[in-house]
Amino acid sequence: LRPTLLRVVLRMKDRDPERPLPGLRDGGDQRNFLMRSSWESTNSTRMTLLFMSHLSLFGIQCPKVGISTFYYPTLGRTLRGAVALSAIRRGEIFCRVPEEALVSDLSVARSSFWPMVKRGIDTELLLALFVIRESARRSSRHMPYIRAVFLQHEWRSLPVLWDTSSRKFQALSSGTQKIVRSHKRGMRNLYNSQFPQALTEWRIVLSEGFSCIRTLCNVSYLHRLYSERRVLRTLAIIKARDWGLPIRKRARQFLAPVMDILNFGQMGIRMYFDDTTSEMVARTQRDVQAGKELLFYYGGACKDQMLAVYGFSSADVPKC
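In the numbering used here, the protein residues as written are 212 to 531.
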């Protein structure tokens, strides 16, 4: 396998989504990179190259991490994943992602979504609404990650988004079907019970950054943008990509650029949030050769649970 280019460095201390970031030659270049228009009408490969060529803006320090494609015989599919661009020594911290680069409940709370956080709107729903808004607005500091990585997730492989009458759903085990149905009900109930309140009370927040904000985006437009179908798809992708680790001694749900491209497997990689440096770090407990795929063990989920959330499992995952 030949790894594609991918030097990953990220730093983001600017909380204003449209304020220029340090690193490019002038503010105009920076603003263009954060503009939605820079990411539309282009294919996924082009977006990946664009994203990777500007990662030095955000401060993630992962110089030995690259992206490549890997064929998984048991799945019969080729997946995008992380690769070691050079040898990584045992005990070495090979990737650092600052807190400001994460898409988390903290990102949401520090944004104009704060009133919804304070009112108790569910964190998962807020993350989904936040991702949708940031991808649709004129400009956002999160635009590159969301457009080039998050929205490129192969959502069609996620069972929670399958029609329950489809052949592929019926081919799942009864245990997996039960979990998927439960997830479906939970996501629909979340949307139907809380989104109407969010739309009624915080329409201006859900409209932020759009061209119609000057006249306040009409309800029909926002219903289309935050449709049940789009929100459920976003929730499913978040569930398949998110992390649930302690940040400042409190478990939080978040998306971690770069780190969330690691596929499932056990090779001694450990990830944690360093409260002293305010960054997510990845350390390997064994030597890793250059060209080796970087894998991370997702946790103690059993086979049916993994299939329901990720759309795949592994031979070494225990049965439920």
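C-beta atoms are modelled at their ideal positions from N, C-alpha and C, and glycine is treated no differently.
Since we're looking at a predicted model, the values are computed, not measured.
Taking 8 Å as the limit between beta carbons, can you name the residues of its chain near residue i, skipping five residues before and five after?
i: Ala526; result: Thr285
i: Met258; result: Trp250, Arg358, Ala359, Gln363
i: Val528; result: Ala512, Cys513, Lys514, Met517
What are the start and end residues of the beta strand (DSSP E) that includes residue i?
i: Pro457; result: 454-458
i: Pro326; result: Premise fails: Pro326 lies in the alpha helix (DSSP H), 325-330, not in any beta strand (DSSP E).
i: Met246; result: Run containing Met246: none; DSSP gives neither H nor E here.
i: Gln500; result: From DSSP, Gln500 is part of no beta strand (DSSP E); its letter is neither H nor E.
i: Leu290; result: 288-295
i: Gln363; result: Per DSSP, Gln363 belongs to no beta strand (DSSP E) and is neither H nor E.
i: Ala339; result: Run containing Ala339: none in the beta strand (DSSP E); it sits in the alpha helix (DSSP H), 334-347.
Skipping 5 residues on each side, what residues in its chain have a beta carbon closer than 6 Å to that of residue i?
i: Gly239; result: For Gly239, the predicted model reports a pLDDT of 48, less than 50, meaning its position is unreliable; a value from the coordinates is still stated below. Here the set comprises nothing.
i: Arg307; result: Gln272, Glu490, Val492
i: Tyr402; result: Glu439, Val442
i: Thr387; result: Asp515, Leu518, Ala519
What number of angstroms, rounded off, separates the C-alpha of residue i from the C-alpha of residue j?
i: Arg399; j: Ser351; result: 28 Å
i: Pro457; j: Tyr483; result: 8 Å
i: Arg321; j: Ser376; result: 42 Å
i: Tyr356; j: Asp515; result: 30 Å
i: Leu395; j: Arg300; result: Here residue 395 turns out to be Lys, not Leu, going by the sequence shown. C-alpha separation (whole angstroms): 43 Å.
i: Leu518; j: Thr495; result: 26 Å
i: Leu235; j: Ser384; result: At Leu235, the pLDDT of 38 sits below 50, so the modelled position is not reliable; the number obtained from the coordinates is stated separately. If you take the alpha carbons of Leu235 and Ser384, they lie about 51 Å apart.
i: Asn532; j: Ser418; result: In the structure as shown, the chain starts at 212 and stops at 531, and residue 532 therefore has no counterpart that could be examined.
i: Phe244; j: Asp486; result: 30 Å
i: Arg247; j: Ser422; result: 12 Å
i: Ser252; j: Arg497; result: 42 Å
i: Val319; j: Asp374; result: 31 Å
i: Phe380; j: Arg392; result: 10 Å
i: Tyr283; j: Gly292; result: 11 Å
i: Gly397; j: Ala447; result: 11 Å
i: Met327; j: Ser524; result: 36 Å
Could you pull out every residue in the same chain whose Cβ sits closer than 7 Å to the Cβ of residue i, ignoring the five residues on either side in sequence?
i: Gln405; result: Ile332, Asp333, Leu336
i: Asp237; result: Interpretation of Asp237 is limited by its pLDDT of 43, a score under 50 that renders its predicted location unreliable; no figure is taken from the coordinates.
i: Glu345; result: Ser351, His353, Met354, Ile357
i: Met470; result: Cys306, Val308, Met482, Met491, Ala493
What does DSSP give as the partner residues of residue i in its beta bridges?
i: Asn474; result: Leu506
i: Met491; result: Val308, Phe484
In terms of residues, what are the limits of the alpha helix (DSSP H) holding residue i?
i: Ile271; result: Run containing Ile271: none; DSSP gives neither H nor E here.
i: Gly386; result: 385-412
i: Pro355; result: 354-359
Between residue i and the ligand ADP, is there a pair consisting of the residue's CB and a ligand heavy atom that are separated by less than 7 Å?
i: Leu290; result: As presented, the structure is devoid of all ligands, the ligand ADP included, so that no description of it is given.
Margin query: For the pair the segment 472-491 and the segment 507-515, tell me if three or more CB-CB distances fall below 8 Å.
Written below: Yes: at least three Cβ pairs fall under 8 Å.
Exercise for the section: Please determine if the segment 425-438 and the segment 397-416 are in contact, where contact requires at least 3 C-beta pairs separated by less than 8 Å. Expected result: Three or more beta-carbon pairs separated by less than 8 Å link the segment 425-438 to the segment 397-416, which places the two stretches in contact.
Review point. So does the segment 358-370 actually touch the segment 444-463, counting three or more Cβ pairs closer than 8 Å?
Key: In short, these stretches touch, since the Cβ pair count reaches three.
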